[in-house]
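The structure appears below as structure tokens.
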RNA sequence: GCCCCCGUAGCUCAGCUGGAUAGAGCAUCGGACUUCUAAUCCGAGGGUCCCAGGUUCGAAUCCUGGCGGGGGCGCCA
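In this note's numbering, the protein residues as written are 171 to 729.
Given below as structure tokens:
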């Protein structure tokens, strides 16, 4: 028997009662669309369900009549937990839960401890999340910062839900862009013009200065060294940005090196790229044309076929990426998540095609596109160009508004909406950033609990559930908000939408602050009531801290 | 031309696998500091949810067609 003091437990109780009234088959069919939600207004009850609206036809009954019978049945099953019910509108069933339900629900929240809200996934998967993957040809700009914050938060979220998460950064250290960087450095070192399509900007000058004997070395060598320097800078910036360390930095160049465990039919060691191409060729998914090797990606839904090996014999970036995805699959991950920039969207169809051609299940490959961050300056959109050296770097952003405000800003919006960043405005308003409101609620609880004393708090947690006082509406609202955390986590994870956690955290902080305003905690009318309120504060503090942690935002004990 | 994302309050954005009177922060206006931390709280004003059809008992949400903004359509990465 599931606990009806959790949202999922309550929902199960509704579904089970509905299935008794309308038949199991109909209830099962409608179960996905059956909602149990906290209505917008307290007048509509603590929870509300549309079950009767969905099942009325199957029950050969009017929605309102069925809702009434459903209410009766639930009343008898949840005696002591359900105060009353109401049938509303076209056939909603509004449930009014008792104070003792709220108290027991709080006890359940506290019982879960620090893991409250986590572990909700039905099946545990091995997930690899590849994100940032900024080209090491320059510092990270705010677009990369968004990708980093999102990928990091998503990985934290999936791990909290119980998945085994592996984080990876794909380093494009091969190919023409690196050569261009090397050429640009060489040109500058020789006091010559940087090539038209080369790299410029203050950081390139710094690279030149950091290279010894630059003028006597090849562009290729310089490019390679510059990549190492840039990766070091990227790592430092990411660390600063509180991105949890990557489990692996996969260099593209390594995918071109032979590996003893990958053998051709005649026993020769193959590189991962050769290995992937061999598999594709063997299964007849490639052909030669104009001296190039093509993937017949149109067979798998792409608009046109794609080149794997150019007529000059060089592999395309696409070929490396195919090898990379194949390698990840061979390493045994159940699911691959790629977090890519907006400019990669046209790349999705071909990657999925290649993945499928190699025998992968396309449902296990998720390519998530981050929309752009637009810079706004004095009301005008500004262009960001790395080659021209004009952009706002992650480091600049952190200098201006700090890690917490930056992460909150980037993470409180959906990944598929473009966001405008006005640095002047961000700087001006950073003290008004809602992140501080949430942190302040956390700090305030910490201070309050310190005032109560550790022993008093422990005592309060011992006797949760003993309270029998009438609850204040603010207390009831706060309990319900806490009870909804697990569902919110599951939803955010399922939708790959960590920004929902930010919305939740703000709402929770608001509900806590209303409770704090209306209900005296330390020094409440009775010791039992004080205990209940201390327990409620502890649960709120933990949940705020957890929400902030999932976003990579700090939860200070004082402000 | 084709593909993807977006269009919700003055601004920035939530809400979107359909649900009740559409929300938050900021900004504006008015009020509350003898505190459990005022980085707070209370109150007010502010909306053709881009437009037009369609599906439905019910549409900001789903479908179709427009309009507007952004991005992508290389033997670049």
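Glycine residues also receive a C-beta, built at the ideal position from the N, C-alpha and C atoms. Predicted, not measured: the structure shown is a model, and the values here were computed from it.
The C-beta distance from residue 180 to residue 217 rounds to 6 angstroms, short enough to fall under 8 angstroms. Cβ atoms of residue 477 and residue 462 come within 8 angstroms of each other, at about 5 angstroms. Nearest C-alpha to residue 585 among 662, 604 and 656: 662. Boundaries of the beta strand (DSSP E) harbouring residue 540: 535 to 540, taken from the DSSP string.
Contact between residue 722 and residue 323 holds: their C-beta atoms lie close to 6 angstroms from each other, under 8 angstroms. Shortest Cα-Cα distance from residue 404 to any of 580, 371, 321 and 310 involves 310.
Distance from the CA atom of residue 392 to the CA atom of residue 714, rounded to whole angstroms, is 48 angstroms. Per DSSP, reduced to three states, the secondary structure at residue 317 is helical. Taking the CA atoms as reference points, residue 272 sits about 16 angstroms from residue 264. Looking from the CA of residue 208, the closest CA among 675, 657, 371 and 688 belongs to 657.
By the C-beta density criterion, residue 251 is buried, having at least 16 other C-beta atoms within 10 angstroms. For residue 445, the enclosing alpha helix (DSSP H) has its first and last residue at 442 to 452. One thing to note: residue 434 has its Cβ no nearer than 7 angstroms to the Cβ of residue 425.
Under the 8 angstroms Cβ criterion, the segment 531 to 548 does not count as touching the segment 484 to 491, having fewer than three qualifying pairs. DSSP places residue 704 in the helix class (H, G or I) of the three-state scheme.
Each of 236, 215, 638 and 716 was checked against the Cα of residue 187, and the nearest Cα belongs to 236. Restricting attention to 497, 691 and 318, the CA atom closest to the CA of residue 416 is found in 318. Distance from the CA atom of residue 315 to the CA atom of residue 242, rounded to whole angstroms, is 54 angstroms. Take the alpha-carbon of residue 567 and the one of residue 576: they are about 7 angstroms apart.
Here residue 424 carries a helix assignment [DSSP, helix/strand/coil].
Taken through DSSP and simplified to helix, strand or coil, residue 202 comes out as coil.
As DSSP reads the structure, residue 680 sits in no beta bridge. As DSSP reads the structure, residue 495 sits in no beta bridge. Between residue 701 and residue 633, the C-beta spacing is below 7 angstroms. Residue pairing from DSSP places residue 298 in a beta bridge opposite 336 and 506. Put simply, of 196, 470, 278 and 258 the residue whose alpha carbon is nearest the alpha carbon of residue 530 is 470.
In the DSSP assignment, residue 544 falls within the unbroken beta strand (DSSP E) covering 543 to 547. Taking all protein chains shown into account, residue 588 has fewer than 16 neighbouring C-beta atoms within 10 Å of its C-beta and is therefore exposed.
Sequence-distant partners of residue 363 (beyond 5 residues in either direction) whose C-beta falls short of 7 angstroms from its own C-beta, in its chain, are 357. Relative to the Cα of residue 175, the nearest Cα in the group 390, 388 and 267 belongs to 267.
The beta carbon of residue 516 lies closer than 6 angstroms to none in the same chain, with the five residues before and after it left out.
The C-beta of residue 344 has 16 or more other C-beta atoms within 10 Å across all chains shown, which makes the residue buried. Residue 490 is positioned such that its CB atom lies closer than 7 angstroms to that of residue 422. When DSSP states are grouped into helix, strand and coil, residue 195 belongs to the helix group.
In this structure, residue 699 places its C-beta atom within 7 angstroms of the C-beta atom of residue 639. Closest option to residue 648, judged by alpha-carbon separation, among 685, 673, 697 and 664: 685.
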